[in-house]
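Accompanying notes for the structure given below.
There are 2 protein chains.
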Amino acid sequence: MDKSDFSHHYIQRFNAELEKVRTDTLAMGGLVEQQLADAVQSLVRRDPELARQVIANDVKVNGMDVKVDELCTSILARRQPTASDLRLILTVLRTTTDLERIGDEAKRVARMAVSTSSSTDARSVFLEIEHLGEQVREMLHDALNALARFDVEAALAVADQDSRVDREYENILRQCITYMMEDPRTIPFVLDIIWAARSLERIGDRCCNICEYLIYFVKGRDVRHTDLREIESELKQERSSGIN
Amino acid sequence: MDKSDFSHHYIQRFNAELEKVRTDTLAMGGLVEQQLADAVQSLVRRDPELARQVIANDVKVNGMDVKVDELCTSILARRQPTASDLRLILTVLRTTTDLERIGDEAKRVARMAVSTSSSTDARSVFLEIEHLGEQVREMLHDALNALARFDVEAALAVADQDSRVDREYENILRQCITYMMEDPRTIPFVLDIIWAARSLERIGDRCCNICEYLIYFVKGRDVRHTDLREIESELKQERSSGIN
Chain A
18 MDKSDFSHHY IQRFNAELEK VRTDTLAMGG LVEQQLADAV QSLVRRDPEL ARQVIANDVK
78 VNGMDVKVDE LCTSILARRQ PTASDLRLIL TVLRTTTDLE RIGDEAKRVA RMAVSTSSST
138 DARSVFLEIE HLGEQVREML HDALNALARF DVEAALAVAD QDSRVDREYE NILRQCITYM
198 MEDPRTIPFV LDIIWAARSL ERIGDRCCNI CEYLIYFVKG RDVRHTDLRE IESELKQERS
258 SGIN
Chain B
18 MDKSDFSHHY IQRFNAELEK VRTDTLAMGG LVEQQLADAV QSLVRRDPEL ARQVIANDVK
78 VNGMDVKVDE LCTSILARRQ PTASDLRLIL TVLRTTTDLE RIGDEAKRVA RMAVSTSSST
138 DARSVFLEIE HLGEQVREML HDALNALARF DVEAALAVAD QDSRVDREYE NILRQCITYM
198 MEDPRTIPFV LDIIWAARSL ERIGDRCCNI CEYLIYFVKG RDVRHTDLRE IESELKQERS
258 SGIN
């Protein structure tokens, strides 16, 4: 094997490793999305069995997190990537941390499902929790799709959804406060609903984090503490002046 | 300058950069610790001015986070560290993310301080919030000290404190539920107290994260999803058999 063959082979293997990191991250995202969907269903349908399954499955999420992290660390140590390869690894490391924490929030929702499952209280707030859960799941799904396609515009659209999620959460919170004031005996039960709603709202925030990491990867700029509307208007300017 | 001079110079500059990363992280930790202390004081003493100061100072925390992250990324790209140098950079990247989020929680506590400041309700639960705040601040302080000295045993001791913090939080939560049931008009006010307590409890969790990263750095092992008591008993075994 001459030198150019070697370097070709080396680059091929490196690319295969980067591709594996990316597919493993998306697979982890898929599992977390399922956990989130199951957690919300277990709460809304009062299904403690499904909730216990979500709680038990969290070790799988953790295992995938450790696996991807180890692969990233090993690539950093052996391949010493620079420029966009380095940014990809850092993006993945940050993304899996947030995915793992989204898994933790799903587990919290499932715990609230176990805790509220024996109650016969069938308030309309469960419908709104289901709706909030669907919105947040859509955010996660779209964030993972944006990551799969390295699509900054899709990432910005996810961030746009977050204000809707926040409003929905505030709405559920107000409704819960009214329930508690009307009938103080329901306070422990309604608090569990509030915790679940708050976990869902936090998942929305974490989806935004993932989108910010993706923008960092594509644009090479840390936008974590930037107003994303600035990035949006920049993108529009770039499009209108033909830069890509 | 001959070759060995060059490599000596290179290593010196590299070490200076690693040292800067470490001191910047500790400086960021110091600021976050102050933010936490001020946030708790603003809540307990009903001081909305101090609370607004905490909220305004959060941009400083974010700025330090971005600065340390940029330095780490630049070191990864230019110096391509391996082994313990690489682990140090990864430990710092993870630590600053948690410090930044601890800053966010302190800001949330400060917001609750603004929101509750006009109330004349002087319940004993504020004393317990103050105590919880002190415990969590101590955890953060000890975690940063452990990081400054690369001290695994000190890190394990921080993790031990977390169960006390969790118990204290549960205790405050129970007390708040009783308040709300006794006088439903206080529900919005007491919910604010609950949010603040929950933020403090989450800060305790994040201090544990920082300690886990430190153990990863020193032991070269990812312990994020491991029971820390296992590491503790390993350490004891190592000590008794004289391994270090």
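Protein chains in written order, with the numbering used here: chain A, 18 to 261; chain B, 18 to 261. Glycine residues also receive a C-beta, built at the ideal position from the N, C-alpha and C atoms. Model, not experiment: these values are computed from the prediction.
Only residues of its own chain outside the window of five on either side were considered, and among them K124 and A127 have a CB closer than 6 Å to the CB of B/I72, listed in chain order.
In the structure shown, B/R238 adopts coil according to DSSP, grouped into three states.
Note that the C-beta distance between B/A165 and B/A68 is not below 8 Å.
Within the same chain, and ignoring the five residues on either side of B/E34 in sequence, the residues whose Cβ sits closer than 6 Å to its Cβ are I92.
In the three-state scheme derived from DSSP, where H, G and I count as helix and E and B as strand, B/D55 is classed as helix. B/N79 belongs to the set of residues whose beta carbon lies under 8 Å from a beta carbon in chain A. Following the DSSP letters along the chain, one finds A/T113 inside the alpha helix (DSSP H) bounded by residues A100 to T133. No Cβ-Cβ contact shorter than 8 Å links A/I220 with A/E147. Using a C-beta cut-off of 8 Å, the segment 221-231 of chain B makes no contact with the segment 132-143 of chain B, since fewer than three inter-stretch Cβ pairs fall below that distance.
The beta carbon of B/A94 sits closer than 7 Å to no other beta carbon from its chain once the five residues preceding and following it are set aside. Here the alpha carbons of A/L161 and A/Q192 stand approximately 32 Å from one another. If you check each beta-carbon in the segment 56-89 of chain B against every beta-carbon of chain A, the ones closer than 8 Å belong to V76, N79, G80, D82, V83, D86 and E87. Taken atom to atom, the span from the alpha-carbon of A/Q52 to that of A/V85 is near 19 Å. For the segment 102-114 of chain B, the set of positions with a beta-carbon nearer than 9 Å to some beta-carbon of chain A reads L103, R104, I106, L107, L110, R111 and T114 in chain order.
Using a Cβ distance threshold of 8 Å, A/E117 and A/D159 do not count as a contacting pair. Against chain B, the beta carbon of A/L93 has neighbours under 9 Å at L93, Q97, P98, T99, L103, I106 and L107, listed in chain order.
Within its own chain, the residues whose Cβ lies closer than 8 Å to the Cβ of A/D41, once the five positions on either side in sequence are excluded, are M81, K84, V85 and L88, listed in chain order.
Within the segment 225-251 of chain B, contact with chain A at the beta-carbon level (separation under 9 Å) is assigned to D239, R241 and H242. Straight-line measurement puts the Cα of A/T243 at about 21 Å from the Cα of B/T112. Closer than 8 Å to the CB of B/M45 there is not a single CB belonging to chain A. Residues of chain A whose Cβ lies closer than 9 Å to the Cβ of B/L157 do not exist, since the nearest Cβ in that chain is about 19 Å away.
The C-beta separation of A/V78 from A/V49 comes to about 6 Å, placing the pair in contact by the 8 Å criterion. Only residues of its own chain outside the window of five on either side were considered, and among them R140, V142, T203 and V207 have a CB closer than 8 Å to the CB of A/Y196, listed in chain order. A/I146 has a beta carbon lying at 8 Å or more from every beta carbon in chain B. The straight-line gap separating the alpha-carbon atoms of B/E36 and A/Y27 is approximately 34 Å. Under the DSSP assignment, A/S180 falls in the alpha helix (DSSP H) whose first and last residues are V169 to E199. For the pair A/C225 and A/A171, the CB atoms are not nearer than the 8 Å cut-off. B/R62 sits in coil when the DSSP states are folded into three classes, being neither helix nor strand.
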